[in-house]
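Novice: Using numbering that gives the first Met the number 0, read the sequence shown as starting at 0 and increasing by one per residue. I'd like to ask some things about the structure below.
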Amino acid sequence: MTTPVTTPVTTPVTTTASSRTLLGAAALIGLGLALAGLLAGAGVARVRTADRTVSVKGVAEREARADLAIWPLRLVAADNDLGAANASLQRSLATVRGFLRAQGLDSTSGTEVALQDFGVNDAATNQYGGGGPVTTRYVIRQTLIVRSTSPERVLAASQRVGELVSAGVVLSSGGEYGTGGPTFVFTKLNALKPAMIAEATARAREGAEQFARDSRASLGGIRRASQGVFEILPRDQAQGITQEGQLVKTVRVVTTVEYGLKD
Numbered sequence: 000m001t002t003p004v005t006t007p008v009t010t011p012v013t014t015t016a017s018s019r020t021l022l023g024a025a026a027l028i029g030l031g032l033a034l035a036g037l038l039a040g041a042g043v044a045r046v047r048t049a050d051r052t053v054s055v056k057g058v059a060e061r062e063a064r065a066d067l068a069i070w071p072l073r074l075v076a077a078d079n080d081l082g083a084a085n086a087s088l089q090r091s092l093a094t095v096r097g098f099l100r101a102q103g104l105d106s107t108s109g110t111e112v113a114l115q116d117f118g119v120n121d122a123a124t125n126q127y128g129g130g131g132p133v134t135t136r137y138v139i140r141q142t143l144i145v146r147s148t149s150p151e152r153v154l155a156a157s158q159r160v161g162e163l164v165s166a167g168v169v170l171s172s173g174g175e176y177g178t179g180g181p182t183f184v185f186t187k188l189n190a191l192k193p194a195m196i197a198e199a200t201a202r203a204r205e206g207a208e209q210f211a212r213d214s215r216a217s218l219g220g221i222r223r224a225s226q227g228v229f230e231i232l233p234r235d236q237a238q239g240i241t242q243e244g245q246l247v248k249t250v251r252v253v254t255t256v257e258y259g260l261k262d
């Protein structure tokens, strides 16, 4: 008996239009995702580049001479007789006025002299005197204020104040007006501000440009800027020296500028 041979039948695979559409859509989606990833990566790079900044400081200084001097002279007279004490004070005032005129400190040099803070102390009525004997009953004090637009003359006069002591004038230091030495004031700061701000800003940019070159980047625009406070400092800085006591001063300002950096 002969066994029949069976030949397997292979069913052909047919690609329909629907399958081709699905494959095309999948390819497009994949390509879109890849492009989106690239664009997203480029976007992150742009953000990071845009966030790169450099903050720099620029300093500008000027030497300035005071154009106003204020010199308080605190006079003291004492006596057991009130009238005698007052007469002594008036003589001292006349001596001081004559001294100032001799130094060229009068109305022709832009100098004004004013009297302030007249006061009388009666030791006999001072309940905090400690109970000891009263040697001098009356003490009279008065402050003479010299205000001058000739500060050089005031400085020269203050260096000869010993002549007043030799003439019998009693001067007191301290009190409301400090040690009694002249105060020198620079009043023209506003005239310096525009040029000094421009100079400080230019120096800040120079520093930023140098930083950009060193980091192999290019300098972008200003992101933010702040102007520091103008300072008037003593030209000769040492312990105990203040700018108020110096005729020549240093004016200083610091600006802070933040720039963007570009690759």
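C-beta: ideal position from N, C-alpha, C; glycine also.
1) Is Asn125 helix, strand or coil when you go by DSSP?
2) So what does DSSP say about Asn85, is it helix, strand or coil?
3) Quick one: complete alpha helix (DSSP H) runs, 4+ long, within the region 165–226?
4) Met195: which of Phe98, Thr249, Ile69 sits nearest, CA to CA?
5) Just tell me which of Phe185, Leu72, Ala86 has its CA closest to the CA of Asp78.
6) I think Arg74 touches Arg152, with their Cβ atoms under 8 Å apart; what is that distance to the nearest whole Å?
7) What residue range does the alpha helix (DSSP H) around Ala156 cover?
8) Could you pull out every residue in the same chain whose Cβ sits closer than 8 Å to the Cβ of Leu114, ignoring the five residues on either side in sequence?
9) Given that a residue counts as buried once 16 or more other Cβ atoms are within 10 Å of its Cβ, and exposed if not, what is Gln238?
10) By DSSP, does Val253 sit in helix, in strand, or in coil?
11) I think Thr254 touches Ala211, with their Cβ atoms under 8 Å apart; what is that distance to the nearest whole Å?
12) Within 6 Å: the Cβ of Ala207 and any heavy atom of the ligand COA?
13) Smallest Cα separation from Ala122: which of Thr134, Val58, Gln89, Gly103?
14) Does Ala122 get closer than 7 Å to chain D when you measure Cβ to Cβ?
15) Quick check on Thr241: buried or exposed, where buried means 16 or more other Cβ atoms within 10 Å of its Cβ?
16) Taking DSSP as the reference, what is the three-state secondary structure of Gln242?
17) Based on Cα-Cα distance, which residue from Val138, Arg100, Tyr258, Gly103 lies nearest to Arg204?
18) In chain order, what residues of the same chain have a beta carbon less than 7 Å from the beta carbon of Thr200, not counting five sequence neighbours either side?
19) When you compare the region 95–108 with the region 219–233, are there three or more beta-carbon pairs, one atom per stretch, that lie closer than 8 Å?
20) What residue does the beta strand (DSSP E) around Gln141 start on, and which one ends it?
21) Taking only the alpha-carbon atoms, compute the straight-line gap between Ser263 and Ala190 and give it to the nearest angstrom.
22) Just to confirm my understanding: we take Val169, look at its own chain, exclude 5 residues before and 5 after, and list those with CB closer than 6 Å. What are they?
23) How would you write the range of the beta strand (DSSP E) that Leu232 sits in, first residue to last?
24) Around the C-beta of Val164, are 16 or more other C-beta atoms found within 10 angstroms, so that it is buried, or is it exposed?
Specialist: Here's the rundown:
1) Position 126 of the sequence shown holds residue 125. Shown here, Asn125 sits in coil according to DSSP, grouped into three states, outside any helix or strand.
2) As a working mapping, residue 85 is identified with position 86 in the sequence shown. Note: Asn85 maps to helix in three-state DSSP.
3) 188–213
4) Within the sequence shown, numbered from 1, the residue matching residue 195 stands at position 196. That would be Thr249, whose Cα lies nearest to the Cα of Met195.
5) Locating residue 78 in the sequence shown gives position 79, counting from the first residue. If we check each option's Cα against that of Asp78, Ala86 comes out closest.
6) Residue 74 sits at position 75 when you count from the first residue of the sequence shown. Residue 152 sits at position 153 when you count from the first residue of the sequence shown. Contrary to the premise, residue 74 reads as Leu rather than Arg in this sequence. 20 Å between Cβ atoms; not a contact.
7) As a first step, residue 156 must be located in the sequence shown, where it is residue number 157. Where Ala156 is concerned, the enclosing alpha helix (DSSP H) stretches over 150–157.
8) Sequence index remark: in the sequence shown, residue 114 carries index 115 (1-based). The answer, listed in chain order, is Leu92, Gln141, Thr142, Leu143, Ile144.
9) Counting from one through the sequence shown, the residue named residue 238 turns up at place 239. Flag for Gln238 reads exposed.
10) As a working mapping, residue 253 is identified with position 254 in the sequence shown. DSSP places Val253 in strand when its eight states are reduced to three.
11) Counted from its first residue, the sequence shown places residue 254 at position 255. Counted from its first residue, the sequence shown places residue 211 at position 212. Actually they do not touch by this definition, with Cβ atoms about 18 Å apart.
12) Only the bare structure without any ligand can be found here, which leaves the ligand COA out of the picture.
13) As a working mapping, residue 122 is identified with position 123 in the sequence shown. Closest option to Ala122, judged by alpha-carbon separation, among Thr134, Val58, Gln89, Gly103: Thr134.
14) The structure shown contains no chain D, having only a single protein chain.
15) If you number the sequence shown from 1, residue 241 lands on position 242. That one is exposed.
16) If you number the sequence shown from 1, residue 242 lands on position 243. It is helical.
17) Position 205 of the sequence shown, counted from the first residue, corresponds to residue 204. With distances taken between Cα atoms, Arg204 lies closest to Tyr258.
18) Here residue 200 refers to the residue found at position 201 of the sequence shown. Answer for Thr200: Gly57, Thr254, Val256, listed in chain order.
19) Not touching, per the Cβ criterion.
20) For this step, residue 141 is matched to residue 142 along the sequence shown. Taken as a continuous stretch (DSSP letters only), the beta strand (DSSP E) holding Gln141 covers 137–147.
21) Look at the range of the chain in this structure, 0 to 262, and you will see that residue 263 is not part of it.
22) Taking the sequence shown and counting its residues from 1, one reaches residue 169 at position 170. Taken in chain order, the residues that qualify are Val75.
23) In the sequence shown, counting from the first residue as 1, residue 232 sits at position 233. That run of the beta strand (DSSP E) goes 230–233.
24) The residue labelled residue 164 in the question sits at position 165 within the sequence shown. Of the other Cβ atoms in all chains shown, fewer than 16 fall within 10 Å of the Cβ of Val164; this residue is therefore exposed.
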